[in-house]
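As structure tokens, this is what we get:
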């Protein structure tokens, strides 16, 4: 029998990318699995540290908070830093009311043994180019995969007008 104090997760090699976090037992939808922990740093400190790994310069453990601070999961971080991205996630991150903590929460019932994912939705300043998309390539393989871990701007939806080449009256 599983005791309530048993952890919700385990870390092991992911078939998607590097390490991954997996459900150690069935996780009900809405469960707060754990907090994303790490040292709080400024964006300037994060910029000075980037890239952490020159062989993989677009891989960090940074998590931006609405306050402007950044959680660096690479310093004093926990297992949450190993959760991989997916365009069809089974978890999401939720910032608490004070904007100082972030929790990983199950979006749906997650069976034991299933890898946990959330959508990174990375936001960068400036125009998102094809090169940037490829530098932050998504490997999730989901049907709705957008091909990148970047948050893409919403496509403008509005009335489409056809140019007919005819003069207007």
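Numbering (our numbering), first residue to last: 943 to 1111.
The beta carbon of each residue, even a glycine, is placed where N, CA and C say it ideally should be.
TODO: Classify residue 1020 as buried or exposed, calling it buried when 16 or more other Cβ atoms lie within 10 Å of its own Cβ.
DONE: exposed
- [ ] Determine the DSSP secondary structure at residue 947, reduced to helix, strand or coil.
- [x] Note: residue 947 maps to coil in three-state DSSP.
Task: Simplified DSSP assignment, three categories, for residue 990 - done: helix
Open item on the list: Taking the alpha-carbon of residue 963 as reference, which of 1007, 1018, 1026 and 974 has the nearest alpha-carbon?
Closed with: Comparing Cα-Cα distances from residue 963 to each of 1007, 1018, 1026 and 974, the minimum goes to 1026.
Open item on the list: What does the alpha-carbon distance come out to for the pair residue 967 and residue 948?
Closed with: 9 Å
Open item on the list: Three or more C-beta pairs under 8 Å: does that hold for the segment 1076-1085 against the segment 1036-1055?
Closed with: no
- [ ] Can you give me the start and stop residues for the beta strand (DSSP E) that residue 1075 sits inside?
- [x] Note, residue 1075: premise wrong, no beta strand (DSSP E); alpha helix (DSSP H) at 1072-1077.
Open item on the list: Going by C-alpha to C-alpha distance, which of 1049, 1085 and 1063 sits closest to residue 973?
Closed with: With distances taken between Cα atoms, residue 973 lies closest to 1049.
Open item on the list: I'd like to know whether the C-beta atoms of residue 1074 and residue 1066 end up nearer to each other than 9 Å.
Closed with: Yes.
- [ ] Please name the residue in 957, 1009 and 1036 whose C-alpha comes closest to that of residue 977.
- [x] 1036
TODO: State the Cα-Cα distance for the pair residue 956 and residue 979, rounded to the nearest angstrom.
DONE: 21 Å
Task: Spatial distance of residue 1029 from residue 952 (CA atoms) - done: 22 Å
Open item on the list: Once DSSP output is grouped into helix, strand and coil, what is the label at residue 1022?
Closed with: helix
Open item on the list: Just to confirm the assignment, what range does the beta strand (DSSP E) spanning residue 1006 have?
Closed with: 1004-1006
Open item on the list: Report the CB separation of residue 1033 from residue 1060 in whole angstroms; it is logged as a contact under 8 Å.
Closed with: Rounded to the nearest angstrom, the Cβ distance from residue 1033 to residue 1060 is 5 Å, consistent with a contact under 8 Å.
Open item on the list: Can you give me the C-alpha to C-alpha distance between residue 1068 and residue 1004, rounded to a whole angstrom?
Closed with: 19 Å
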